[in-house]
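Report on the following structure.
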Amino acid sequence: MFREPCLNALWYYQEGINELLYMVSAIEPIPESVLDCLSSCSGWNIVRSLQPEDASTLTFYSSRIKEIAFGGVPRMNLQQRSSFATSFSETVIFPRLRVLLWSSASGDYHLDFVLRTAGNKLTEIVGAVAYGKSPKLMAMVEKRLPDLTHFWLWDCEVTEDTDAATTRFFRNVLPSAKNLQELHLDTAVAEKYFSIWDTIQFLPHLRKLVLKWYNVKHVLPAVPLSLTTYGILTALTVVIREAPFLCHILNKLSFPNLREFRVRILWAEDKPDEDIPHIRGILRSVVSASAHSRLTSLVVEYGEDTIAESTVEELGTATEFLRLDDLRPLMAKYARLEVLDLRLRCSWALTDDAIEEIVRVWGPHLKVFRLDPDGGWPPASCVTFKGLQHIAQHCPTPHHSRSPLCWYSTRRHPSCYGHHAG
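For the sequence shown, the tail end lands on 576 under the working numbering, and the numbers increase by one without skipping.
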């Protein structure tokens with residue numbers, strides 16, 4: 155009674171296809187005693203090539219697979235790879251496969267096999283552009299592009315020998331992905347080969363764009379020279395290393411239909427001393443780029459994933475603060491925000507009156523309210539229990555209603571609430 159549902163659930167997601175090949179005895183596990191001596195070898199060994207008579211057994215299981223992720227490169231000898239790769243050149247083995255992910259593109263014979271035998275349901279690919287290590291793999295990716303709706307490119311592996319092929323991919327091949335709805339570029343060199351802003355015009359269904367820029371010298375030449383509007387995007391994420399360059403880029407772009415806007419600035423080296431001017435510039439640029447949008451989600455992050463304790467302590471001695479005036483442009487433009495998530499790691503001067511004004515504008519709609527939990531909240535300008543109570547009473551639906559902005563303030567300044575709450 156439960157056989158089919160259980161099998162479907164069991165095979166829905168697979169890490170590689172070793173389990174599938176094991177079902178037809180095409181591979182076998184290497185004994186632990188041997189594996190300990192051969193540290194460079196995989197945990198599986200190919201016993202034989204796949205044969206036509208394996209098709210029915212393979213598809214019994216593989217037809218249930220909808221997502222496959224390859225986390226590494228199987229370490230098999232070249233003879234085994236060559237023998238395995240000649241099978242099933244035209245047969246569809248994965249008719250329902252929808253998502254394919256790999257973390258390395260170095261000629262994985264299993265990955266080649268999956269791409270070659272996947273059906274037309276494959277619409278989401280996450281992988282690396284690597285013409286040097288795997289030109290055949292890239293040729294198969296190119297053929298799949300017109301059918302893709304989601305495409306996520308990891309960091310490219312480019313050498314002088316593959317420079318021309320990589321350039322052709324970004325400038326001539328990527329624009330053929332006419333059905334793309336989401337494009338993620340997590341790469342340090344892609345912008346060297348093309349301008350994403352020129353490419354967007356060839357992707358009529360693109361709604362979400364995620365850009366992670368690590369090398370600003372490649373990014374700046376591709377920025378439009380004059381203000382350019384991109385009306386198709388509804389969600390945009392930009393990650394970059396230097397705040398001034400982000401401001402320069404956003405000031406040349408206009409996104410009138412954005413609903414979700416996320417900006418993250420990574421510290422290039424040490425945390426800069428002039429945080430507040432940078433943050434103010436970022437907030438102004440965000441408003442400028444999305445001035446005509448009806449944003450429902452705004453996330454702005456400044457800094458690395460971790461924060462040093464010394465940095466936390468330094469915030470308490472700051473002489474310059476972010477204030478309500480720095481939020482008012484956001485309040486004026488985006489009155490229907492559902493998500494406000496500011497993680498800026500700056501010092502703030504916000505009183506209960508400021509909180510009441512924020513709640514009047516955003517309170518009825520907010521579902522997530524996170525106001526700089528790692529920021530500095532000096533006792534003299536600290537929101538009191540009264541302000542927190544006002545948030546709780548007038549923001550009925552927040553998922554983060556315990557207001558991290560003051561929870562951190564309490565931790566650093568125990569006297570803050572003791573003085574006001576009584």
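Think of the CB as a built atom: it goes at the ideal place given N, C-alpha and C, for glycine as much as any other residue.
{"Asked": "Whole-angstrom distance between L255 and Y166, CA atom to CA atom", "Found": "14 angstroms"}
{"Asked": "Euclidean distance between Cα positions of Q543 and P527", "Found": "18 angstroms"}
{"Asked": "Backbone CA spacing between Y215 and R490 [nearest angstrom]", "Found": "48 angstroms"}
{"Asked": "Simplified DSSP state of Y176, which is helix, strand or coil", "Found": "helix"}
{"Asked": "Distance between R325 and A344 (C-alpha atoms, nearest Å)", "Found": "10 angstroms"}
{"Asked": "First and last residue of the uninterrupted alpha helix (DSSP H) at L161", "Found": "157 to 165"}
{"Asked": "As assigned by DSSP and simplified to three states, the class of P431", "Found": "helix"}
{"Asked": "Length at least 3, wholly inside the region 309 to 369: the beta strand (DSSP E) runs in chain order", "Found": "336 to 340, 362 to 366"}
{"Asked": "Beta strand (DSSP E) segments (min. 3 residues) lying fully within the region 243 to 297", "Found": "253 to 256, 278 to 282"}
{"Asked": "Through-space distance from Y347 to T341, alpha-carbon basis", "Found": "11 angstroms"}
{"Asked": "Residue burial classification, A318 (beta-carbon count within 10 angstroms, cutoff 16)", "Found": "exposed"}
{"Asked": "Residues near I436 by beta carbon distance below 8 angstroms, same chain, minus five either side", "Found": "A397, L400, C401, V417, I419, V454, Y456"}
{"Asked": "Under the three-state DSSP convention, the category H304 falls into", "Found": "strand"}
{"Asked": "Spatial distance of F305 from W531 (CA atoms)", "Found": "42 angstroms"}
{"Asked": "DSSP-derived helix/strand/coil call for L520", "Found": "coil"}
{"Asked": "Sheet register partners of V417 (DSSP bridge)", "Found": "V392, V454"}
{"Asked": "Identified DSSP bridge partners for D495", "Found": "V453, R524"}
{"Asked": "Which listed residue (I184, R322, R218, M177) has its alpha carbon closest to that of D208", "Found": "M177"}
{"Asked": "Backbone secondary structure at E169 - three-state DSSP", "Found": "strand"}
{"Asked": "Contacts around V392, its chain only, beta-carbon distance under 6 angstroms, and the 5 residues preceding and following it disregarded", "Found": "L365, V417"}
{"Asked": "Residues bridged to G530 (per DSSP)", "Found": "S501"}
{"Asked": "Beta-ladder partner(s) of N199, from DSSP", "Found": "E182"}
{"Asked": "Minimum C-alpha distance to V246 - residue among F267, R322, Y368", "Found": "F267"}
{"Asked": "Spatial distance of T388 from R434 (CA atoms)", "Found": "24 angstroms"}
{"Asked": "Contact set for L478: own chain, Cβ-Cβ below 7 angstroms, skip 5 residues either direction", "Found": "L504, A508, E511"}
{"Asked": "Spatial distance of N231 from L407 (CA atoms)", "Found": "Confidence is the limiting factor: at N231 the pLDDT is only 44, short of 50, which leaves the residue's position unreliable, though a coordinate-based value still follows. Approximately 51 angstroms between the Cα atoms of the pair."}
{"Asked": "One or two residues paired with L374 in a DSSP bridge", "Found": "Answer is none; L374 lacks a bridge partner."}
{"Asked": "Distance, I219 Cα to K275 Cα", "Found": "11 angstroms"}
{"Asked": "C-alpha distance - A376 paired with T316, whole-angstrom precision", "Found": "21 angstroms"}
{"Asked": "Span separating the alpha-carbon of S447 from that of V441", "Found": "9 angstroms"}
{"Asked": "Residue of F248, L476, V513 minimising C-alpha distance to M485", "Found": "V513"}
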